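Asks: Numbering (the UniProt record's numbering), first residue to last: 1 to 128.
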Amino acid sequence: MASLCEKTPFISLLLLVFMFSLAGIPPTAGFIAKFYIFMSLIKAKYVWVALIAILFAVIGAYPYLRVLKVVYMDKQEFEFKFKYDFTFLIPVCITVFLIIIIGIYPKPWTDIIYKTMYFYITSLFYPY
Numbered sequence: 001m002a003s004l005c006e007k008t009p010f011i012s013l014l015l016l017v018f019m020f021s022l023a024g025i026p027p028t029a030g031f032i033a034k035f036y037i038f039m040s041l042i043k044a045k046y047v048w049v050a051l052i053a054i055l056f057a058v059i060g061a062y063p064y065l066r067v068l069k070v071v072y073m074d075k076q077e078f079e080f081k082f083k084y085d086f087t088f089l090i091p092v093c094i095t096v097f098l099i100i101i102i103g104i105y106p107k108p109w110t111d112i113i114y115k116t117m118y119f120y121i122t123s124l125f126y127p128y
C-alpha cells in the first residue's frame with residue numbers, strides 16, 4: 001500500500017508546513033517565535049536558561065518530525081477512503097501562507113504586536 005502522502009499529497013504538504021512551524025524549523029513563524037524567546041533570554045543574561053530551552057526545543061521537535069515520518073515514509077497498514085470538501089482548504093491554505101510569510105518577513109507582524117502590547121500595557125496601568 002502507498003504512503004499517506006501518495007494518497008493526499010496536497011494535504012500532506014500543508015501538514016508538513018504546520019509541523020515544521022511547530023518544531024521551529026526555518027522559514028516558518030514557529031522558528032521566529034522561538035528565536036525571539038531565545039534571544040530575549042540571552043539579552044536578559046539568562047544564557048544557561050536559553051541553552052536549556054534550546055535543548056528542550058530540539059528534543060520537543062521529535063514528535064512533530066515523527067508524524068512527518070509516518071506520513072511520508074511509512075506504508076499504510078490498511079486501505080481507507082478519504083473524502084473531504086475542498087472548502088476547508090481555503091482557510092488552511094491562508095494559514096500556511098501566513099506561517100511562511102511571517103517566517104520570511106516577520107518585521108511588520110512584530111511591529112503590530114509591539115504596538116498592540118504597548119497599547120494594552122499602558123491602558124492597564126494608566127486607564128485615563
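Backbone N, C-alpha and C define an ideal beta-carbon position, used for all residues, glycine too. Being a predicted model, the structure only gives us computed values, none of them experimental.
Whole-angstrom Cβ separation of Tyr84 and Met19, contact assumed at under 8 Å?
Replies: As a first step, residue 84 must be located in the sequence shown, where it is residue number 84. As a first step, residue 19 must be located in the sequence shown, where it is residue number 19. So it is not a contact: roughly 19 Å between Cβ atoms.
Asks: Figure out for me which residue from Ser12, Tyr126 and Ala23 has the closest Cα to the Cα of Gly60.
Replies: To locate residue 60, count along the sequence shown from 1; it is residue 60. Per the Cα distances, Ala23.
Asks: Give the secondary structure of Ile90 by DSSP, where H, G and I count as helix, E and B as strand, and everything else as coil.
Replies: By 1-based counting over the sequence shown, the position of residue 90 is 90. If DSSP states are grouped into helix, strand and coil, Ile90 belongs with the helices.
Asks: Given that a residue counts as buried once 16 or more other Cβ atoms are within 10 Å of its Cβ, and exposed if not, what is Val58?
Replies: By one-based count along the sequence shown, residue 58 stands at place 58. So Val58 ends up on the exposed side.
Asks: Starting from the N-terminal side, write out each stretch of the alpha helix (DSSP H) that is 4 residues or longer and does not extend beyond the stretch 56-120.
Replies: 89-104
Asks: Can you tell me where the alpha helix (DSSP H) holding Tyr36 begins and where it ends?
Replies: Working through the sequence shown from its first residue, we reach residue 36 at position 36. Taken as a continuous stretch (DSSP letters only), the alpha helix (DSSP H) holding Tyr36 covers Ala29 to Lys43.
Asks: For the putative contact between Ser3 and Lys75, defined by C-beta atoms under 8 Å, what is the C-beta separation to the nearest angstrom?
Replies: As a position in the sequence shown, residue 3 is number 3, starting the count at 1. As a position in the sequence shown, residue 75 is number 75, starting the count at 1. Yes, they are in contact, since the Cβ atoms of Ser3 and Lys75 sit about 6 Å apart, within 8 Å.
Asks: On the criterion of 16 or more Cβ atoms from any shown chain inside 10 Å, does Lys115 qualify as buried, or is it exposed?
Replies: Here residue 115 is taken as the residue at index 115 of the sequence shown, counted from 1. When all chains shown are included, Lys115 counts as exposed.
Asks: With distances taken Cα to Cα, identify the nearest neighbour of Pro27 among Ile100, Tyr72, Lys81 and Arg66.
Replies: Numbered from 1 along the sequence shown, position 27 holds the residue referred to as residue 27. For Pro27, the nearest C-alpha among the options comes from Ile100.
Asks: Inspect the beta-carbon positions of Ala29 and Ser21 and report whether they are closer than 7 Å.
Replies: Here residue 29 is taken as the residue at index 29 of the sequence shown, counted from 1. Here residue 21 is taken as the residue at index 21 of the sequence shown, counted from 1. Yes, the Cβ-Cβ distance between Ala29 and Ser21 is below 7 Å.
Asks: Between Met1 and the rest of its own chain, which residues show a CB-CB distance below 6 Å, the 5 nearest in sequence each way excluded?
Replies: The sequence position of residue 1 within the sequence shown is 1, counting from 1. Any reading at Met1 is ruled out, since the residue's pLDDT is 42, under 50, leaving its predicted position unreliable.
Asks: For a quick check, are the C-beta atoms of Ile16 and Val96 less than 7 Å apart?
Replies: Mapped onto the sequence shown, residue 16 falls at position 16. Mapped onto the sequence shown, residue 96 falls at position 96. Note that residue 16 is Leu in the sequence shown, not Ile. No, the pair does not count as a contact, with Cβ atoms beyond the cut-off.
Asks: Decide if Ile113 is buried, meaning its Cβ has at least 16 other Cβ atoms within 10 Å, or exposed.
Replies: On the sequence shown, residue 113 is found 113 positions in, with the first residue counted as 1. Per the 10 Å Cβ criterion, exposed.
Asks: Is the distance from the Cβ of Ile32 to the Cβ of Pro106 below 7 Å?
Replies: Taking the first residue of the sequence shown as position 1, residue 32 is located at position 32. Taking the first residue of the sequence shown as position 1, residue 106 is located at position 106. Yes, these two residues count as a Cβ contact at 7 Å.
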